[in-house]
Structure formats: C-alpha cells, structure tokens
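Chemist:
Chains as they are written, first to last, in my numbering: chain A, 0 to 591; chain B, 0 to 591.
(1) List in chain order: all unbroken beta strand (DSSP E) runs of 3+ residues lying wholly within the segment 312–341 of chain A.
(2) Would you say residue 105(B) faces chain A, with C-beta separation under 9 Å as the test?
(3) Pull up the distance between the alpha-carbon of residue 178(B) and that of residue 62(B), whole angstroms please.
(4) Can you tell me which residues form a DSSP beta bridge with residue 436(A)?
(5) Taking the alpha-carbon positions, what's the residue 351(B) to residue 342(B) distance?
(6) If you follow the alpha helix (DSSP H) that residue 19(B) is part of, which residue opens it and which one closes it?
(7) What residue ranges within the segment 398–452 of chain B form continuous beta strand (DSSP E) runs of no fewer than 3 residues, ordered along the chain?
(8) Work out the CA separation of residue 449(B) and residue 593(B) for me, nearest whole Å.
(9) What does residue 69(B) touch in chain A if you count any residue whose Cβ is under 7 Å from its own?
(10) Just to confirm the assignment, what range does the beta strand (DSSP E) spanning residue 305(B) have?
(11) My output table needs one value for residue 206(B): the three-state DSSP class, helix, strand or coil.
(12) Please classify residue 44(A) as buried or exposed, where buried requires at least 16 neighbouring CB atoms within 10 angstroms.
(13) The beta strand (DSSP E) spanning residue 225(B) covers which residue range?
(14) Residue 407(A): which of 433(A), 430(A), 377(A) sits nearest, CA to CA?
(15) Can you grab the Cα-Cα spacing for the pair residue 33(A) / residue 94(B), in whole Å?
(16) Closest by CA to residue 89(B), which one among 78(B), 38(B), 465(B)?
(17) So with CB distances below 7 Å, who are the chain B contacts of residue 463(A)?
(18) Assuming residue 175(A) and residue 133(A) are in contact, meaning their beta carbons sit under 8 Å apart, how far apart are those beta carbons, in whole angstroms?
(19) Nearest chain A C-beta to residue 56(B) closer than 9 Å, yes or no?
(20) Report yes or no: is there a C-beta of chain A within less than 9 Å of the C-beta of residue 96(B)?
(21) Pick from 336(A), 395(A), 234(A): whose alpha carbon is nearest that of residue 267(A)?
(22) Considering residue 13(B), what are the terminal residues of the beta strand (DSSP E) in which it resides?
(23) Quick one: list the residues of chain B neighbouring residue 178(A), beta-carbon separation under 7 Å, in chain order.
(24) Quick one: measure Cβ to Cβ for residue 520(A) and residue 586(A), integer angstroms, because I've assumed they're closer than 8 Å.
(25) Excluding the five sequence neighbours on either side, which residues of its own chain have a C-beta within less than 8 Å of the C-beta of residue 215(A), listed in chain order?
(26) Let me check one thing: in DSSP terms, what residues is residue 557(A) bridge-paired to?
(27) How about residue 475(A) and residue 148(A): do their beta carbons lie closer than 9 Å?
(28) Can you confirm whether the segment 240–254 of chain A touches the segment 450–465 of chain A when touching is taken to mean that 3 or more C-beta pairs between the two stretches lie within less than 8 Å?
(29) Determine whether the Cβ of residue 452(B) lies closer than 9 Å to any Cβ atom of chain C.
(30) Measure the Cβ-Cβ separation of residue 72(B) and residue 137(B) and say whether it is below 9 Å.
(31) Per DSSP, what kind of secondary structure is residue 150(B) in: helix, strand or coil?
(32) Is it the case that the segment 414–425 of chain B contacts the segment 276–288 of chain B, given that we only count it when at least three CB pairs across the two stretches are under 8 Å?
(33) Assign residue 233(B) to one of three DSSP states: helix, strand, or coil.
(34) For residue 126(B), collect the residues of the same chain with a Cβ closer than 8 Å to its Cβ; drop the 5 residues on either side in sequence, then sort them by chain order.
(35) Within its chain, find whatever has a CB closer than 7 Å to the CB of residue 382(B); leave out the 5 residues flanking it on each side and keep chain order.
(36) What number of angstroms, rounded off, separates the C-alpha of residue 142(A) from the C-alpha of residue 41(A)?
Shown next, in the form of structure tokens:
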C-alpha cells in the first residue's frame, strides 16, 4: 500500500525556521522531517522517522557483520558507576544530572562505557567468553553549551555505541579493526566522504583513538592532512620536534632596555635596529619567546598557575592546552593572579624566575622566584636562542639559550597549528580542513576495567584485567550530514540507501484517468518492492505538488498528467533534473 | 544465518534474582533477557531486545491498520507546556524534573498530550486536516514510589502512546473506537485475556475512559464485573443509588447516652438492647453513619478538612476518595486538626455541626458549628434513618433522618467496593478481580486543546477547539505480562507471535555427524523463513543445554543427538512437553 499524501501527517513549510543556521536543519524542518521542541531537542515526524530507520538499519547490518551483539541500555542511570570512573565530575556542565524522589543522584547518560563494563563483569568470568563486542542504538544526552545546527549537535541525539572486550592487547587490536572496517563500510553505504584522523582520547581516556571526519564547511572540528598520508585532528596534532642544537659557540645572553615595545613586531624591530646579532642573522618573531600565564582548575577546585613559552609568531591554542591538561579547566590568568605573584612582571615574563624543577634549574644556577610551572612548545629545544622577558619592566634578555641559560619543567602542545606546518611523521606540510565528526573509535585499554574491577580468568587460571574498546557513530548527526551533502536550492535529494520512499508519484490534473493511471503506476512500482509516496491530493495545484516533491527529495518522481490519456507519464530524476517520457507499461521497469 | 549459542551474548543464571517479586521478573532475568540497572530501570540483552522488537512490530502493524501515523518525540522536554496544563505540579513526585546548564526547568516526559497537541497546533489549521491520529513507541519516565515486579512497573519503560484529533464529538467517537478496536486486535495477537472496564480519567482529565485489564494475581489494580456485563475499575465504580424514602411516618430523632461503645458493633448492640425501634426492625451496622474527617491538600498547598459520612458497615477507601478529589492529596485528619476544631468531638461526630451549605441547613434549622464540608456516601439518600454521633462526648442521636434532620454539601464515592455489591446499571451483583492494566483509552475532549489554544477553522470558517483522544499501551509491561502468563517451573514458553526465535536446535554429543546433521537441520528450517537459535556449544553437557532451552522458552526445540546417525532427530514442543521422533528430511515440514 502506498503512503497517500491526501492522508499523511505532513505539512511542508514555505518559510525557513528562524533558528536554522545550516542547510540540513533548514530543509529537514521545512520539508516536514523534524520539529524543534527545545534547543537541541527535536521531534521526528513520519518522513524523518523513515529516514532514521533506514540509517539505523544500515548501521545495524554492519554491526552484525562485524560480529557485534545488540543490547539496549537505559538513558536514566544511577550516579555510582560514573562516580567510580570520575566522569560524574569530569563531564562538568555537559552532564544532565537529576535526583529521584528518594534523593538518589541520577544522570542521563552521555555515553555508556561504565554500565557496559559492569554488565560484562556481571555475566562473564572467563577468557573463553571473549572476545565480545556489544552495541546499542540509543538516545544519548549531552547538555551542550551551544546546541547548533539542528541535528548536527543535539542535546538529545541517537547514537550507535559499541564496546569491545578482550583480555589481550592483540585481541583489542583485532576488535578495534573490526569496528573500524565496519565504519568504513557504513560511511561508504551512506555515500559520505570521510578522513580517518588520529584523535586525542580526551575525557574518554585510553591509548589510541581515531576520528572519522567528514570534510564540510559546517564542520565544527578542524583537522590537518599531509599529502604523505598523515592526518590528525588539531587537538591530536604533534609538532615536528627539531633536533637539539650545539650552543657552544653562541654568545652570552645580554639584558637590554626595551622601552616602547608593546608588540612582538616592535620588539623585533628594535632588536634588529639596536642589538643585531653578530653573525648578521636578523631577529624574527619566531626568535622571541612569549610566556603566557594560564590558570588550571582541577576537578577538586584547586587552581594552579602555569606559564607556557611559545615562539612569538605563534598563538597559544586554548583547545589544545585543554586537551593536554584534561579534565582540568584552563583560562587566562587574571589581574588577581598577577597581583598575588609579584614575580610575574606583565609583558616581561621570562624563563628566569619560572619553574618548579629545582634540580634542573640548580644546574643552570637558576632560582625560581615564582614557583610557577614552566612548560614550553616542543620547538624550544636545547640550543635555541631567544629574545624573551627579563622579569623586569621595560627590559628583555637577548640570546637566552634553552638548556644553557634556562631550564623547563615540561614540554606541551600548546601552539596553534597552521597550514604548512610539517607533519610529525615527515610526510610533508599539512593543510587545515574543517570537518564534522561522524564516528570515533577508541582503544580504551584497561582504564575502565581497572577501576570497575572487570577481570576474567585467563588460560592459566590467573585473573587478568579486561581491555576495552569504545566505538561511536552519531546516528542523527549522520542523517543531518547526509542531508547537508544532498540538496539543492529546491530542497533535499536523498541517496537511495536512506530515502524515506523510493518513488514519489504525483497525479496532476482533475481527470479520473489521471488518478486511475496513477493507481496503476503505483501498484506496478510497488510490485517491484519499492516504497511509494503517492501525491493523490485533489485540490492542490501541480506547482505546489512539484514544489513539495522537490523539497521532500525522494530521488525518483513520476508525474502522471495530461499524457495519461495516451498512456504516457514522466519520469523525473530529482538529482540530475532529467525528465523522460515513459510508457505507463514501462515505468516499473526503471525500478527493477 | 542462525544465531549460534557458542558465540552469543547470553548467560543464563541458576539463581533467582534476590529482588524479583514476580515470575516474569525472575525468569526474564534468569534466562538472560533483561538486567537491572537501578530500581525499575533495566537493560535489554539480545534475547530481550528480540522479543521487544516483535511486540513493537505487532503494535505498529495494528496502529497502521487503524490509520495512525508514527512520529517520535523526545523524552527530555521543557517545563512550559506542562506548566500550562497544570501537570508540571499535578504529577507531584512521580515526575522526574531537572534543570539544564542554563537553569531552565525540564522534565522526563511521563506522557505526551501537551507536545502532541502543540505539534498539531503548529502544523494544522483546518478541519480538512482532521481527523488525525498520530502515535509513537517511545521510552517514558515515571518516578514510581515503589517500582516493583520488574518490567510490570518500571521507572523507565517503553510505551505506545497515540493521540487523536477531531473537531466534532462524533469524530472523536470514531477515532476512539478505531483505537479501541486496534487494542482488541493487539491483545488477541498476544494471546492476552483482557477485560475492558470503565475507568476514571484521573489526572488525565477528559470525559470518558476505559482500561484494558488483564486478569492476573500479580495485578496491581482491582476491578469489578457483573454477570450482566458491567465492568469498571474500583476507582470508577459507581454505587447503585437507592430511591429516596418517604419519611413522613418516621419518629423524631432522639439523643441517648451511649457510654462504652468503642466500636460500631457495641453501639449497635446497645441500640438494640436499650433503644429498639418501635416497629421491631433491628438496628444493624448499616444503620449507623460513620463520619470520617479527612484533610485535602491542594496543589497550591491549601489544606482543607472535610467530613465524609459512610454507613458503619463500610470503610472509606482512600484511593477512591483520592480520585474524587484529584489532584488534591488526601490523608486522615491528625490530632492537630481536631485540636483546632473543638466542634469535632472525636468518636461522636455527627451531621449536626458539619456542612458549609448554609442555605440548605437553614431550612432544617441547622447551624454548622465547624464550617467543615460534609459529604456522604450515595446510599445516604433522603429518608434514610441513622444512628450517628451527637457531637457530644458519650452521646449518639438515634433515628436521624437525612433530608429531614440534616443537610449535606455533596455526595462522594468514598466507600469501599465489595463483592456482591450491585452494579449501578442493574446488571446484578459484582465480583472483584485483580488485574494488570495493559492499555488505557481516553476521550480527553477539549481540556488540553482549550488551554493550549489548539483550534482549527471549521466548514463555516469559524475557529473551533479541537477534541482529543489519548491511547496508551505499555510495551514493556505487556512483554512482562506475556511472560507472566507463559511459563512453567522450568522457564518461559513464548507464544509464537513474540518468541525471540522460532526454533531452538540443540546438538548433543561429540560426534561430527551430530554437528553436521544439526547444520543441515538448521539450514532446512531457515529455508522455511524461521529464525533459529542453534546451540552448537561443544563443551556443554546435554543436560545444561536442555535446561537452557527450557529456561529460554523458544516454543519448538529440535534435539539432534545419537539418532543423527540413523537420520532421526527429536522434535520437542516446549509448551505441551510432547517429543516426537522425526526423519531429518521431514523436520522442516513442521514449520511450513
């Protein structure tokens, strides 16, 4: 039986929704697929539900092919397991928390590592039970600060999350690869380009992680890619570290007055004008060392100041710093911080006076006057010379040599990443690309199993901790990405794998022969096992019907109109726009 | 491809879960269908998910047959729509409430009348768009005070909720009947007995409502049924009201000292001994009027005392009183209440001194000394004579006649219902039966549409308020009820309509011919389009395999064992226990 538009719960809209920032959101609302209920929270209308079911079916098929078993967990869970792993706090404001009538803390799960691990702990006890991969397609909750882009980043969203359980590292590698391969098949079936990039495991923890990023201008992530095959998201990018330099022949550092140098450029100009290097090399911004003071707030509320030294031609990328210090929060030091630390002379902060590593500093005869941790960009290797603050107002030190004149506490990936930066694997300069995360695979390792006590007996009867993987695909986000990629000025154009209907038959005109012919055409197409949306509305103009069809985006449209009297209908390819006159008797052949 | 037990996420348990109060809970956990995560909150394991999908499919088919369109709403919703209808407060502690990061109030929806109505308001505007029925199969949340019985009353549970929209009362009748008929088909397909009983609309409001109750000893509801066809749940039961009596010939009321009458029976005995009726009729407990003082607390916190007069042979049923005064909360008056109202002489409260209806009381020359509302059981009709309190310690009034000697403010259904009570429609005495609510249909009428402003233009271009129906089926509860009804001492026995697999094939023994034969049998059965669970485990004893099969409850079991060498297998009917020797070549014929 076809779905008849004369009796279908659908209302297409002429106006774009006022809050729609991206094309997919705009079109999915206008074409009657979804409807907003609250920021980042949507209801699914019949058309949308059909597409969603098809997206889920494809994911389900590939999960089964990968040997994963389907389960389904609640969204509403008790606090305790998340307390044990620390994520009850780590998630910060992103977690929806609530209390039940007895005052027990509960949460709306943003992801389910804890309870999957506990389920396996509950039921399994031997290496013979492993490997195991289980998954669910389920609604998740994250209280995003800014839920934007319709389904691209919702606060309630459907996700496929799978978890693997092994007792050896080699086993985890296999399970991980099975999911990774399944993801490649899934995205191919959706017709989605993707880049597999190295990712930072972030709050998930674990040892290895890769993201599937779909390159798109509406993407919220940035990743880098070299022509030689390196790919990583910005947070996971690692700087190509130069070799240490021989500093035996370098001149001694000197402190100069540097008034009126409010910017790096004015400082560099003054340096080249008044204090040129003896060997004639000019000073550049990259020769200055900018020491930025940041405040870290850990989960227990402890606030610590740190200083990060980066070359003056770079900026500190707070997102990268956040990853380095997760789950602590990072912000710029404020006036109060400076007031409390007179050793920090604003605008003239230098390595002297920073640092907590007294052993290393002592070798260089340094003494920390601030007790503040001093970390540097990986480019600050031994032997590099810098113009940097002298910890005195209006004065800088020139030719300060790392490893000779100052010590560091640690290296940190804090600088921004730029197009042209060399890939760390030597595969050439990188380009920067915007992308949308559509999948993420993690080797969690034993982190969760350890704290949750998930162990099995191995071949020797010894208890060993299980090693886990976690694999997520945003179901509703993928639907939006597909919509984002498949549309034109008139509306959506669905790929055949997820279209809500295979064929959209439109009866135009008032003659009964049109409707009789349409019924016959519909029946013939349905006999080929295709799903038909039949626009049988009697009092709607052809123009409105065509407009609705273009907006809704079923890839094939059959127009039954005046030609019906001569046994002719029109077959319209929504994607190419091609229209073809076809004998009524032959229409169905196009769908065999 | 069969599901192979050697590689399936399943662990059957020998021990009953300690918290299981009912058979379905015990067996579903032991057989590996579900797993508890928190009180009233369960995870679905692969077997359970298969059964749940089949239950949902049947419901979905019948909803489609009834012309309803499927949509899907979020569980997490904003407060506002529920504030408008008053249910944000009315739901009391049963509602899971939370705040998002911006401090906005949100809830986990217990039911979706509000947002369905708003969706239709959003999209539709004409009578031509109606009638419309839309439904979803979706997870709901209710913070039950006592979540018991596993899936029978969960705090997170799956429900099918449908809503109908009409613009005439006659239209609503038709939409209601379509859903009601669909429910009858659904329950028949599940093999569930049910009784359709009149129900009280309760917090849902509306004009007409019926419950589908499955008679079962684990049921939480009680309903009454007469042999003549009357059926109602206890809350909706209406007392057969006797006709008013002529009281012209009755003697005047008299007040007597009645010391040492702590119970109704002692009072009746004293009455018959010391103050017999002139006409010789004996006093019985049913001739005494017991006036019970209760406190109502309305949603805004206002507390009001009321007195309810019921025949002394009846008890006040607080659940029935609660329904009468919903959404106010009802409790017995406390010592403080009595202390504040000296007009209430505990143990001797009588109609004199009660009441707020001064007009009526004035006719009888009464004067309320308490200002407390006085309501009575429907049996207290004009002309009935009572022994009741005289509002003085140690004294009762005899032969106080309703409508002659005292006035009432209102009638209320407050007395308990007992087997043998006459049905209000004259269809004879009722019996009391315990049942489990498995479906509920409501004619909401215009209550929700009115406050939410859901109107459409009618044929005359006039704005008319839409009339709604609401229709719910507990998906997960039904699954539990089916399990509750289909089991024996060994385990579950699924009906064919919802069984996780159609056939369970067990290979017993170590010979390869057993496994080869099993594979052939599995393939032959699958060729008949049946789903097969294949126990191909090599190191598990036949006894354990049989035990698992009985516990899991697939209705047909094929045992491939020693007979395989002779081309013989055993076909086991799990329900009847019958076992039959069958030629390998003929097994599949049993499933054609």
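C-beta: ideal position from N, C-alpha, C; glycine also.
Remember, it's a predicted structure, so these values are computed and weren't measured experimentally.
Modeler: Straight from the coordinates:
(1) 328–331
(2) yes
(3) 8 Å
(4) 212(A)
(5) 10 Å
(6) No alpha helix (DSSP H) holds residue 19(B); DSSP gives it neither H nor E.
(7) 429–444
(8) Because chain B is modelled from 0 through 591, residue 593(B) falls outside the range shown and cannot be assessed.
(9) 45, 48
(10) 302–310
(11) coil
(12) buried
(13) 220–225
(14) 377(A)
(15) 26 Å
(16) 78(B)
(17) Within chain B, no residue comes near residue 463(A); the closest Cβ sits about 19 Å away, beyond 7 Å.
(18) In fact, because the Cβ distance is near 15 Å, the residues do not count as touching under 8 Å.
(19) no
(20) yes
(21) 395(A)
(22) Looking at the DSSP string, residue 13(B) is not in any beta strand (DSSP E), and its letter there is neither H nor E.
(23) Per Cβ cutoff of 7 Å: no residues; residue 178(A) is ~16 Å from chain B at best.
(24) 5 Å
(25) 433, 434, 435, 480, 483, 484
(26) 504(A), 570(A)
(27) no
(28) no
(29) This model lacks chain C altogether, as its protein chains are A and B.
(30) yes
(31) helix
(32) no
(33) coil
(34) 166, 455, 456, 457, 458, 463
(35) 243, 244, 245, 246, 400, 401, 402
(36) 14 Å
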